[in-house]
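One point on numbering: in the working numbering, the residue at position 5 of the sequence shown is 74, and numbering is uninterrupted. Cβ coordinates follow ideal geometry from the N, Cα and C atoms, glycine included. Predicted model, so just to flag it, every value in this text is computed and none were measured. Everything below concerns the one structure shown next.
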Amino acid sequence: MQPRDLSDHVAYQAGRGIEEVARELGRDPAEFIKLASNENPHGPSPAAVEAIRETASSVNSYPKAAHADLTEVIAEDWGVDDSQVWLANGGDGAIDYLHRATLEFDDEILVPEPGFAYYGMSARFHHGDISTYALERTDDFEQTAEPVLEAYDGERVVYLTSPHNPTGSTIDLEEIERVAEETGDDTLVVVDEAYGEFADVESALALIEGNDGYDARDDVATLRTFSKAYGLAGVRLGYAIVPEEWGDAYARVNTPFAASELACRAGLAAFDDGEHVDRTVETTLESRESMRENVEAHVWPSEGNFVLIAVGDASAVAEEMQERGVIVRDCTSFGLPGCIRITCGTESETERAVETLNRVIEEFGLPDGAQTGDTSDTNASEVSDT
Ligand SMILES: *Cc1c(COP(=O)(O)O)cnc(C)c1O
């Protein structure tokens, strides 16, 4: 027998790992740095490492107390009820839960193009369909309510990614409010804030709770993860915050013990280690600035822990950078041919990435039109070719 018809389904293309690349090229993993998956360059919080070590001997038990404790700590931090925090196996798991709670057979979701692949993948698993709205390169991927509402046709869930992966753009709360206001009563607006910690913008939680002069709404949810700023991508931990009215749906849709004992204990420790997050954000802002200033190609402004860069033949540039030990993300699979995405690394990683990219660009040359924006006066000849 066969699985059901999966011809519409596509496999997720993760950023490539150091081990994988080194093995393929027959080289020493120590020669490589990976700036392809928006991971934390400082690693996990030392407190989380300790918590995982301490928890190791009790993983024979189901994670009941830890799950409840983490939910409570997060709820308290955001000022919401425990029932509004939907812990999950990564932010991706939270997307699944939102779809389980919303999508009926053949319901649709509306997602940005270019955008994060998992929204659509998850909708398909839940027998839903996908339509898209465009973020335009000619508008520097600016996000407003207008194109979303123009594309909107009664979809059950609308995704806004702020900061947006892979472009780094954000959308104002007034615009999010307008999307929620002008879409149907049965449409949930999910604001994916996976990179929220790095951004100088307010969380859409204000729209759920009715803070800061906004009316409280029952049709907006936010999404957060421990994978990026908290450095816990490997334990898989994330959550959605939903309106109070949605609280009791979680118990009906979640996979029992949605987050593991190790994940919950690590999450509790990481959440408590504000210093680690602050340091991570500080490093990110410096790296972002440095790449914007020093890369000899167009780098879009970004509020995430990565930047998007116009390089022309992105596959060739990414491959050549990898050959030289710097693994970056070719954005073709995001629907952005011609661009690469580089994660903000430590100071030395960032320097190496910038130098490597500038050399590759100089050797390859940028095709006409690759340099949009204000970079026409940059002078690539300053970079020596060794
Ligand atoms: C990384 C990311 C997520 C969540 O990732 P998890 O590792 O599953 O928590 C969600 N949305 C976007 C846009 C992301 O980049």
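Where the beta strand (DSSP E) through residue i begins and ends
{"i": "D261", "result": "257-261"}
{"i": "I87", "result": "Unbroken run through I87 is the alpha helix (DSSP H), 87-94; no beta strand (DSSP E)."}
{"i": "V310", "result": "According to the sequence shown, residue 310 is Ile rather than Val. Start and end: 307-310."}
{"i": "R410", "result": "408-412"}
{"i": "Y202", "result": "198-203"}
{"i": "L139", "result": "Premise fails: L139 lies in the alpha helix (DSSP H), 133-147, not in any beta strand (DSSP E)."}
{"i": "E100", "result": "Here E100 belongs to no beta strand (DSSP E), and DSSP marks it neither H nor E."}
Proximity test, residue i beta-carbon vs ligand 1 heavy atom, cut-off 8 Å
{"i": "A335", "result": "no"}
{"i": "K103", "result": "no"}
{"i": "V114", "result": "Val is not the amino acid found at residue 114; the sequence shown has Ser there. S114 Cβ: outside cutoff for every heavy atom of ligand 1."}
{"i": "N363", "result": "no"}
{"i": "G159", "result": "yes"}
{"i": "K133", "result": "no"}
{"i": "S296", "result": "yes"}
{"i": "A192", "result": "no"}
{"i": "L292", "result": "yes"}
{"i": "R305", "result": "yes"}
{"i": "I240", "result": "no"}
{"i": "T353", "result": "no"}
{"i": "F403", "result": "no"}
{"i": "F267", "result": "no"}
{"i": "I164", "result": "yes"}
{"i": "T201", "result": "no"}
{"i": "N323", "result": "no"}
{"i": "F210", "result": "no"}
{"i": "F340", "result": "no"}
{"i": "F185", "result": "yes"}
{"i": "Y264", "result": "yes"}
{"i": "A302", "result": "yes"}
{"i": "D261", "result": "yes"}
{"i": "T236", "result": "no"}
{"i": "T230", "result": "yes"}
{"i": "N107", "result": "yes"}
Limits of the unbroken alpha helix (DSSP H) element including residue i
{"i": "T171", "result": "159-171"}
{"i": "T401", "result": "Careful: T401 lies outside any alpha helix (DSSP H) and carries neither H nor E."}
{"i": "P72", "result": "Neither: P72 is in no alpha helix (DSSP H) and is coded neither H nor E."}
{"i": "V346", "result": "343-363"}
{"i": "Y228", "result": "Y228 -> not in any alpha helix (DSSP H); beta strand (DSSP E) instead, spanning 226-230."}
{"i": "L276", "result": "274-278"}
Beta-carbon separation (whole angstroms), residue i vs residue j, contact threshold 8 Å
{"i": "Y228", "j": "L179", "result": "7 Å"}
{"i": "P110", "j": "E424", "result": "Rounded, the Cβ-Cβ distance is 17 Å, inconsistent with contact."}
{"i": "I277", "j": "A366", "result": "The Cβ separation is near 39 Å, so there is no contact."}
{"i": "A328", "j": "P113", "result": "In fact, because the Cβ distance is near 16 Å, the residues do not count as touching under 8 Å."}
{"i": "D222", "j": "H196", "result": "Not confirmed; about 18 Å, so no contact."}
From the options, residue whose alpha carbon lies closest to that of residue i
{"i": "P101", "options": "E389, R293, Q71", "result": "This sequence places Phe at residue 101; Pro is not what is there. F101 has its Cα closest to that of E389, out of E389, R293, Q71."}
{"i": "A134", "options": "C333, I411, A249", "result": "C333"}
{"i": "L274", "options": "R92, V154, E431", "result": "V154"}
{"i": "A339", "options": "Y308, A117, L94", "result": "A117"}
{"i": "T401", "options": "E344, T236, T291", "result": "T236"}
{"i": "E262", "options": "F174, G373, R348, S384", "result": "G373"}
{"i": "F456", "options": "F194, I240, P98, D222", "result": "Residue 456 cannot be examined here, being either before or after the span of the chain that is shown, 70 to 455."}
{"i": "R206", "options": "P183, Y264, M70, Y221", "result": "P183"}
{"i": "E88", "options": "T415, I396, R410", "result": "I396"}
{"i": "I411", "options": "G434, A163, A379", "result": "A379"}
{"i": "H168", "options": "P406, V259, D74", "result": "V259"}
{"i": "V364", "options": "D288, R421, V311, E123", "result": "R421"}
{"i": "S356", "options": "T415, D254, T213", "result": "T415"}
{"i": "V311", "options": "A163, D176, R122", "result": "A163"}
{"i": "S231", "options": "D150, I245, D222", "result": "I245"}
{"i": "A385", "options": "C408, A144, T252, D347", "result": "C408"}
{"i": "A99", "options": "A170, V90, S106, N107", "result": "V90"}
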